[in-house]
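Structure first, then comments.
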Amino acid sequence: MNKILSRLPATIAFTIAFTLCSFGVFAQTVATGKVTDTKTGKGLSGVTVTAKGTRISTQTAADGSYKINVPAGGSTLVFSSIGYTSQELPANAAVTVSMAESAQQLTDVVVVAYGTKKKTDLTGAVTQVNAKDFQKGNINSPEQLLQGKVAGLQVTPGGGSAGSGSRIRIRGGSSLNASNEPLIVIDGVPVESNGVAGNGNLLNTINPNDIESMSVLKDASATALYGSRASNGVIIVTTKKGTRGKVKFAYSSMFNVGQVTKTVNVLNGDEVRSIINEEAAKTGNNTYKNLLGTANTNWQSLIYQDAMGWDNTLSASGAIGNGALPFRISAGYLTQEGILLTDKFNRATAALNLSPKFFDDHLSVNFNLKLSQTKNRFADGWAVSAAANFDPTQQVHDANKYGGYFEWLQSDGKPIGTNGGSSQPNPLSLLKFRNNRSEVNRLIGNIQLDYKLHFLPDLHILVNLGKDHTFGKGDDLRDSLLVTVSPFKGRATHYAQYKDNSIIETSLFYQKDLKSINTKLDVLAGHTYQDFYTNVYNYADYTLNGTEIPGTRPNFVTDKPQNRLESYLGRVNLAVANKYLLTASIRRDASSKFAEQNRVGYFPAFAAAWKLREEFFPTSNAVSEFKLRFGWGITGQQDGIGLYSYLPVYSQSNVAAQYQFGNAFYNFLRPGAYDPDLKWETTTTENIGLDFGFLGNRITGSVEVYRKKTKDLLSVVPVAAGGNFDIQILTNVGNVENKGVEFTLNTIPVKTNKFMWEFGFNVTYNNSRITNLLKQQDPNFKGIETSGISGGTGNNIGRHVVGNAPYTFFVYKQVYDQATGKPIEGLYEDLNRDGIINESDRYLYKKPAPDMLFGINTQFTYGKLTLGLAAHGTIANYMYNNYFSNSGVLRATQNPLNFISNASRNYLDTRFNNNRYLSDYYIENASFLRLDNINLGYNVGRVLNGKANLRLAGSVQNVFVITNYKGLDPEVASNEQVDNNIYPRPRIYSLGINLDF
Amino acid sequence: MKNRLIRFSVCALVVAVVASSCAKKLDLFPQNDLTPEKAYSTAAGYKSILAKIYGTLATSGNVGAAGAPDISGGLDEGSQIAFIRMFFNCNELPTDEAVVSWNDQTIKDFHGLKWNSADPFLKGIYARPIYNVTLINEYMRECTDAKLAERGITGADAADIKNSVAEVRFLRAFNYWVMMDLFGKSTFITEEDKPGAVLPKEASRAELFTYIETELKAIEGSMAPARTAEYGRVDQGAAWALLARLYLNAEVYTGTAKNNEAITYANKVITAGYSLHPSYAGLFMADNNKATGELIYAINCDGLKTTGYGNTSFFVHCAAGDDFADYGVSGGWYGYRATSALVNLFEDRTGSTDKRAMFTTSKYGTSDAQLALTDIGDFNTGPHVKKYVNKRSDGGAVSDITGTFADIDFPVFRLSEMYLIYAEAVLRGGSGGDKATAVNYINKIRERAYGTTNRGQINQSDLTLQFVLDERGRELFWEGHRRTDLIRYGQLTSSTYLWPWKGGVASGTAVDAKYNLFPVPASNMVANPNLTQNTGY
């Protein structure tokens, strides 16, 4: 890291010097004028006026007036502004321009794989969300900007922890064991998807304020150029760039307060007392009665706080050197508390973009550098469940040697627990006596050199050199007062890791307008090479007074896993008569994760689109857009598996796993199970889409129908005992099919001079089904157990079964009392009618993944005031309420280790004595609608003597959730949908200002 | 000039980038894990693999106490794939010697004698011995003279490796014996079967019997003489002891009794110089590695270096409640007890006369009320067993100061079992031994138990088959013998002998004779069509 950083200034200096040395000097005349809005007749501010063929540009003032130096040779001025149709006019001395609003959106340029396209020319399923449409409010991690915005995209935040990441799914998961996370590309650099030590969510190192747009590539024809990592879709993040105008500054600041809105329902002290007393009277055993305290402590209210956050970003963009060096530079600082005591996330970011051009614009340079430092203090998540489970009859404090907090102790004064540490620690001591902190520094940088050949301007060469370097380190310090680390004198765990990923990419682009056959041709050929290198440092644990803790010394001081990917890619785009669009592409990937004979995969794609509007009603305004698309492609998947899974390897055991011969101990060397024939998982996708726009694009939208078939799943499947070095191995077997329909609609129902109402809606239906799991078919095969739960040992609640959705719940059918409607404890239906209730009576019941996802966005604009609402939800997804099944029983109150625990109020509903983990009673419908935010904005306009523009914003996030789910929160970020009491999501109130000057 | 330079630079860069691609860059290897060629390149590498082969019986994986399990398949590392714990669950829980209060999946089916082929614990104990055999076969393939020579391993190193082949063949035979005893058949692979090549075959009980017998006799001559191997490794004594146990049960395994052979091999051990350890309790304590006079083969465990939740650490925790201090550990798991039927084998349940009656802790006694197992799920009911104790007989400190993991080694074969085999084989009509010697051997055991020859001694008229079974109960309880013994006596499933909660009924009931064998776990049947199921499952 240090080495990289020390090289940075040199790199920047070089780039700047490189740019400055190419300035030229020109003779000039002055042009002045005014730009007005065609509709209102008023002056338009902020319109960019550029002298065509030069870098000279300016922007109109508040009244629409402008003044620009036009070089002697320049005779044309270009007027452009977002949302208006650009115009080119002769540079006469006083040009007055009337600009008309352009048709909504459809002139937008969309970022696609290895390039950009006009939205009207898209052939694949791509949705781009621009900054103005992002989720509003306090958002720490960029993927959450897309929440509910894109059909087919599900973003589920992991919980309420500050800076926590999300589970992202594009059109359902196509894999069972390998990764289901999409590939994320930031400014041309496919970035590290896994976390680094000290930060499990590397996306939060990107400042959302620096992002210009996020493009979601959904079908194979859009993603296939990313080949073996494209099966789960691709999200391309484009950050803000410099523009050629004068230097502008923007400052945004947002302050927020988060509050816990809901905690799980537990019994109070009096209820626990009466239950325990009743039991004692019944059984005559006073063991637990004697442990009761006299208090009524609400432990959950003690562990949460009002969490404050403050997010600031200052940026400057424009061009210096008389327009020669467009740049954008920004700095951000976020400090964010979590609602769990001691939880904290700080982030400092800096971003630089330079985009100069040289040699009469033949060489374009695009240099991006993003630096970030995140500092976390992770509150111990155990406190969340500990607070729900801790005995409410006890006082918070107690005179003991464990920091004055009440703890369950044995007769010898040591904490009650099975392994030397407490099994039921006081939730407050978990938070107060543990300091788990990390620091992660990250650099993402790349330079793109785009050279248009002098002798053949139709051809240009793009070289992209990129680096993603992350260094994470941290210390987990557990105080000697903490009961979980008894009998050691505290415990200090240090960790450090860096990841160093590089990309070298060369592409050739050839564009030709073949006028003779009315066809535009666009060809791409490229080569890319990526290296992913990790260095993990291993350390022993120490007590706080510096003594090494026995058994913790690592075998190896470092581990350096590495993998590489080398690819060739090619694409041809044809646009015939601006009506028929054809795209064909292929990528050849070679991955170090597979043996030489299986290393190479080919991933082709094909797409065609027919512009029906241009064909049938080219002049219609009523039908402003009508296009039919078809796409087909094959993509691959290789993430989420071991780096060397195909290799036979022997691994060394740790210090606590040795064998004694005579007086000496010997470490083990163990062969691992492996499949030498491991290869890519491949997904074939078909997609049909229809884009439409009516009434001058007041109504726009699209319908997509897709089918994704994944074969050769990277699956962990049973193998014959004795046939390998385990009873299951990772191999290629199994098929999963996803089918779905997406519908997106964006409308402007009302639009007058002063008032505008925009309304957007998207809905997705997805059906995911396992179609095969075995290499050799077996009619008796019952599927693969999945979805481990807490409680007991080794209990699983789900199964992968052919013909069903992945992770389908596998349960007993609960019998209910006809009169009271309550479940009868331990009574299940004998489904096979053999007179015995056993494993064979379990049945497949409901699935975790939703049938439907939807997102709703609306915005009202009245003059300078805007009001927006955003919501999202799911339909027909089910959850296993593990908190209820584990804690909603009498047994939960009386722990066999001789302490009292609290129970879920669900006990009052069921009155179950013992845990009935596998009852379908605990499978609940978790469909929901969440109002993500309500936001209000006011554009104050010019302030500070007209020097600056001010906007104010306020928002409430996580406003409410409508659901029948009885647990804390129906949104749990996992495939299995097993609810074990998540870190609650706070409701967040924010106030922000934006100042542009 | 400047422009041309830059143009040239750009072109050069493009060329450099394209040229940098090279397929060989994709051959990457892990930094710390070793390819087989590297693992077997030194004598130290061989020793580490040999340690793993022995260690598969003591640990559940490559990270102690848990974290890198040898066997996955959705099984719980601590409770379902650790050899000692599963061997114990299979051989003790279905009998009068043990019950468990927990709700872990199907664990209560064991005492209830009502398991089925979907049982995850059985999936674990089926997988464990076969896994061990897979490692042994791999090791043997690498121990040929040619391979050692090719790797430049010579002299004492080579000799030690060659000797170890007989040891691992013993361990393979022992693992197959476990399979034969529990399942009555087994997936069958030898060093001829390379992993991944073809689906393993199945061997019947008779085939396994012959294989184990042949193997043990074949290696007998190449093993170190009895009582000469370094502690933790096996020698001739272990091979003889396994043969003696095999022959004693031959009628169950093959239909043909082999009591003469049982006597022959028990005698070989008895006359090899072993002697009873002076203290019975000392055999199950943290420093029981001192009991080399009696221990023929023990699986070594250590509180710091050979740790796991399924080796002897399990014994000390599973039997302990809040009386954990009596067991020398820092916490109890509130799980396992015995039934009164075991206690009643002793003339005095308090342990004050026959010291083997280890049923009293500081919290629990042996009152009639305590012995009544009113609720299997209630740890407070039933007799509590305090046989394995993680304290040192010399009062010294144990390895793990946190009191989590035990130093106790698990006795697989010890001399007193050989005495009992001798006596039983004589009673069953075996030749080569006599009743007088048998009585003498039993009295040696009882002398140690009672600490005197004034009480507890028997004469020839006392020595009946039922007496031997009861004596085995008293001497060997909780050491993994009971199920095999009750089957040999026809008492496991029949109504001849009932104990509390046998067959899931408080007073005990007979169950289907199919429960004399465990079923082949269903997942194995799916993964390997060569396997067949046991009758009744």
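Chains as they are written, first to last, in my numbering: chain Y, 21 to 1017; chain B, 183 to 719.
Glycine residues also receive a C-beta, built at the ideal position from the N, C-alpha and C atoms.
Can the beta-carbon of residue i be found less than 8 Å from the beta-carbon of residue j?
i, j, result
"Y:Thr492", "Y:Val216", "A small correction: the amino acid at residue 492 of chain Y is Gly; Thr does not occupy that position in the sequence shown. Yes, these two residues count as a Cβ contact at 8 Å."
"Y:Lys867", "Y:Thr828", "yes"
"B:Thr532", "B:Lys568", "no"
"B:Ser312", "Y:Ala693", "Looking at the sequence shown, residue 312 of chain B is not Ser but Ile. No, Cβ-Cβ distance for B:Ile312 and Y:Ala693 is not below 8 Å."
"Y:Gln415", "Y:Ala315", "yes"
"Y:Ile190", "Y:Asn252", "yes"
"Y:Thr259", "Y:Glu232", "yes"
"Y:Asn276", "Y:Asn158", "yes"
"Y:Asn446", "Y:Gln468", "no"
"Y:Leu585", "Y:Ala629", "no"
Give a yes or no on whether the minimum CB-CB distance between residue i and chain B is below 8 Å.
i, result
"Y:Asp488", "no"
"Y:Arg690", "yes"
"Y:Ala973", "no"
"Y:Val675", "yes"
"Y:Val296", "Residue identity differs from the one stated: residue 296 of chain Y is Ile in this sequence, not Val. No, because no Cβ of chain B sits closer than 8 Å to the Cβ of Y:Ile296."
"Y:Lys152", "no"
"Y:Pro177", "no"
"Y:Ser612", "yes"
Measure the C-alpha to C-alpha separation of residue i and residue j and round it to an integer number of angstroms.
i, j, result
"B:Ile452", "B:Thr548", "35 Å"
"Y:Asn641", "Y:Val69", "29 Å"
"Y:Ala244", "Y:Val236", "13 Å"
"Y:Leu222", "B:Thr675", "60 Å"
"Y:Asn219", "Y:Tyr898", "30 Å"
"Y:Ala399", "Y:Arg950", "26 Å"
"Y:Gln531", "Y:Leu482", "13 Å"
"B:Lys751", "B:Asp363", "Past the edges of chain B, shown from 183 to 719, lies residue 751 of chain B, and the structure says nothing about it."
"B:Val380", "Y:Leu632", "58 Å"
"Y:Thr355", "Y:Asn744", "51 Å"
"Y:Gly966", "Y:Phe1017", "9 Å"
Within the 8 Å Cβ cut-off, does residue i reach chain Y?
i, result
"B:Val708", "yes"
"B:Gln262", "yes"
"B:Asn314", "no"
"B:Ala247", "yes"
"B:Met183", "Because the pLDDT of B:Met183 is 46, which lies under 50, any placement of that residue in the model is unreliable, and the number read from its coordinates should be weighed accordingly. Chain Y, which has no Cβ nearer than 8 Å to the Cβ of B:Met183, makes this no."
Where does the unbroken alpha helix (DSSP H) through residue i begin, and where does it stop?
i, result
"Y:Lys452", "Pro447 to Lys452"
"B:Lys290", "Lys290 to His293"
"Y:Pro202", "That residue, Y:Pro202, is in no alpha helix (DSSP H); it is neither H nor E in DSSP."
"B:Gln418", "Gln418 to Leu430"
Hey, quick one: how far does the beta strand (DSSP E) through residue i stretch, first residue to last?
i, result
"Y:Phe781", "Phe775 to Asn792"
"B:Tyr321", "B:Tyr321 -> not in any beta strand (DSSP E); alpha helix (DSSP H) instead, spanning Pro302 to Arg323."
I'd like to know if the stretch 147-155 of chain Y and the stretch 847-854 of chain Y are in contact, where contact means that at least 3 CB-CB pairs between them fall below 8 Å.
no
Specify whether the stretch 648-663 of chain Y and the stretch 695-703 of chain Y touch according to this definition: at least 3 beta carbon pairs, one from each stretch, less than 8 Å apart.
yes
Three-pair Cβ contact test at 8 Å for the stretch 350-367 of chain Y versus the stretch 225-235 of chain Y
yes
Take every Cβ of the stretch 386-393 of chain Y, pair it with every Cβ of the stretch 443-463 of chain Y, and state whether three or more of those distances are shorter than 8 Å.
Between the stretch 386-393 of chain Y and the stretch 443-463 of chain Y, the count of Cβ pairs shorter than 8 Å is three or higher; the stretches touch.
How about the stretch 713-730 of chain Y and the stretch 670-678 of chain Y: do they share at least three Cβ pairs that are nearer than 8 Å?
no
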